[in-house]
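Scroll down for the structure; my scribbles are underneath it.
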Amino acid sequence: MNKKSFFDYRGVKKREPLYSWVNSNKEKLNRKQKSKRPMKAKAIVLAALIAPLAGFTAITPFTNAAHNKPVSSELIVKAQATGKMILIGNAPFGDRHVAAFLDRNFVIQEPADQGETAFLLYNTEGTLVHRVVGDVKYPYELAVKIKRGLNASTQYYTLLDRFESGDLSMSLLESAIVGATDANDHVAGKRLMQAYLSAMTADLTASQLSFVGRHTRSTADPGFACLLGNGQHTDKLVEIIFAEEYLSKVGDKHADASLLSESVKAKYPSDGLEMHIDRMAIEWLEMREDREPLKTAAREYVDRYKNALSTAQVRYYSGLVK
4 MNKKSFFDYR GVKKREPLYS WVNSNKEKLN RKQKSKRPMK AKAIVLAALI APLAGFTAIT
64 PFTNAAHNKP VSSELIVKAQ ATGKMILIGN APFGDRHVAA FLDRNFVIQE PADQGETAFL
124 LYNTEGTLVH RVVGDVKYPY ELAVKIKRGL NASTQYYTLL DRFESGDLSM SLLESAIVGA
184 TDANDHVAGK RLMQAYLSAM TADLTASQLS FVGRHTRSTA DPGFACLLGN GQHTDKLVEI
244 IFAEEYLSKV GDKHADASLL SESVKAKYPS DGLEMHIDRM AIEWLEMRED REPLKTAARE
304 YVDRYKNALS TAQVRYYSGL VK
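Numbering (the numbering used here), first residue to last: 4 to 325.
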């Protein structure tokens with residue numbers, strides 16, 4: 004791969020959506036075992052499954068001003084002398100290509116707070132222009148997000164300032180929404196998405212709906228209502244609902260699968276979601292190792308949806324009844 008195209012690469016490995024991960028790793032969960040696991044092992048499994056929920060719930064509102072921590076005059080002088088931007092962040096990625104990219108474009112300084120997970124980009128005047136929150140385990144994906152901070156047309160805070168000044172052009176809104184997702188700015192992201200949807204004068208195209216889906220992370224997002232109303236991107240809706248309504252209640256001893264499912268169906272009425280919601284209950288019961296309710300739910304699921312299930316699926320869910 005040549006140097007010019009390296010950080011324009013879009014084939015980086017993507018993390019599996021949470022619900023898809025659970026659904027595709029059934030054998031790693033407590034399936035057909037007749038004896039219960041020790042509580043310690045059970046706790047480890049549940050912790051591993053619930054950890055990804057941080058992406059949906061642990062979102063801290065922030066503003067440019069609140070995070071625009073002053074950089075030292077020494078850094079500014081060095082940035083101006085080298086023509087590089089300033090990057091504040093825990094930068095070692097363990098990848099030589101990414102390391103070379105960062106060294107070529109930034110004067111780098113580790114944050115005073117070693118627990119800081121964001122990468123803050125400043126221009127040569129010491130003004131914060133971009134922010135990225137990402138996982139260093141995915142260095143190419145993170146590098147692509149950081150690279151957006153090199154261009155004024157994709158710098159998140161530059162775009163946000165233009166938005167606050169009244170620029171509601173579609174190109175700006177789309178770029179700013181991407182920036183909000185990269186920065187984990189859920190508060191501004193909701194405002195930007197609402198403005199994007201309000202600016203639509205016709206039904207959304209398939210491409211626009213895909214864009215909305217990529218930047219929707221919770222049921223409170225404007226994009227969620229849009230996708231639900233259009234009956235599109237069911238997988239995304241299912242992923243979010245499963246995280247908020249089911250995984251959040253795995254440890255609730257008083258929760259009832261049937262009542263929970265009825266509540267979820269009433270909250271998100273859609274014929275396209277009903278079968279998925281019933282399957283969520285089965286996944287949830289398996290995680291909890293509630294064997295008798297699981298047998299009942301699996302039996303009812305097969306009886307109701309047999310014609311829509313593959314032979315392998317029927318065999319699998321029927322096996323849960325034994």
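All C-beta atoms in this analysis are idealised placements derived from N, C-alpha and C, irrespective of residue type, glycine included.
Since the structure is predicted, the reported quantities are computational estimates derived from the model, not experimental observations.
query, result
"One or two residues paired with Arg-134 in a DSSP bridge", "Leu-123"
"For Gln-112, the three-state DSSP class (helix, strand or coil)", "strand"
"Distance between Gly-275 and Ala-228 (C-alpha atoms, nearest Å)", "14 Å"
"Beta-carbon contacts of Tyr-141 that lie in its chain and below 6 Å, excluding the five residues immediately before and after", "none"
"DSSP state of Met-283 mapped onto helix, strand, coil", "helix"
"Leu-90 in three-state terms, based on DSSP", "strand"
"Buried/exposed call for Leu-176, threshold 16 Cβ in 10 Å", "buried"
"Reduced DSSP secondary structure (H/G/I, E/B, other) of Ser-174", "helix"
"Neighbourhood of Ala-82 by C-beta, 7 Å cutoff - its chain only, sequence neighbours within 5 removed", "Met-88, Ile-89, Val-110, Thr-127"
"Ala-315 burial status per 10 Å Cβ neighbour count (16 or more: buried)", "exposed"
"Buried versus exposed call for Glu-265 [16 or more other C-beta atoms within 10 Å across all chains shown]", "exposed"
"Of the listed residues Pro-272, Ala-198, Ile-280, His-236, nearest to Tyr-308 (C-alpha basis)", "Ile-280"
"Separation of Val-317 from Thr-299, as counted between CA atoms", "15 Å"
"Cβ-Cβ distance between Tyr-160 and Leu-207 below 8 Å", "no"
"Rounded separation between Ala-284 and Tyr-249 - CA only", "8 Å"
"Three-way DSSP call (helix, strand, coil) for Tyr-304 in this model", "helix"
"Assigned secondary structure, Thr-219 (DSSP; H/G/I helix, E/B strand, else coil)", "coil"
"CB contact flag (Leu-123, Arg-134, <8 Å)", "yes"
"Local Cβ density within 10 Å of Gly-86, reported as buried at 16 or more and exposed below that", "exposed"
"For Val-147, three-class secondary structure by DSSP", "helix"
"Endpoints, the alpha helix (DSSP H) within which Val-241 is located", "237-244"
"DSSP state of Gln-2 mapped onto helix, strand, coil", "Shown here, the chain extends from 4 to 325; a query on residue 2 therefore has no answer."
"Sequence-distant residues of the same chain with beta carbon closer than 7 Å to Leu-162, five excluded per side", "Leu-175, Ser-178, Ala-179, Gly-182"
"Under the three-state DSSP convention, the category Glu-247 falls into", "helix"
"Nearest residue (CA-CA) to Leu-288, options Gly-234, Asn-310, Leu-262", "Leu-262"
"Three-state secondary structure (DSSP) of His-257", "coil"
"Straight-line gap, Arg-220 to Val-136 (C-alpha atoms, nearest Å)", "15 Å"
"Three-state class that DSSP yields for Glu-292 in the structure shown", "coil"
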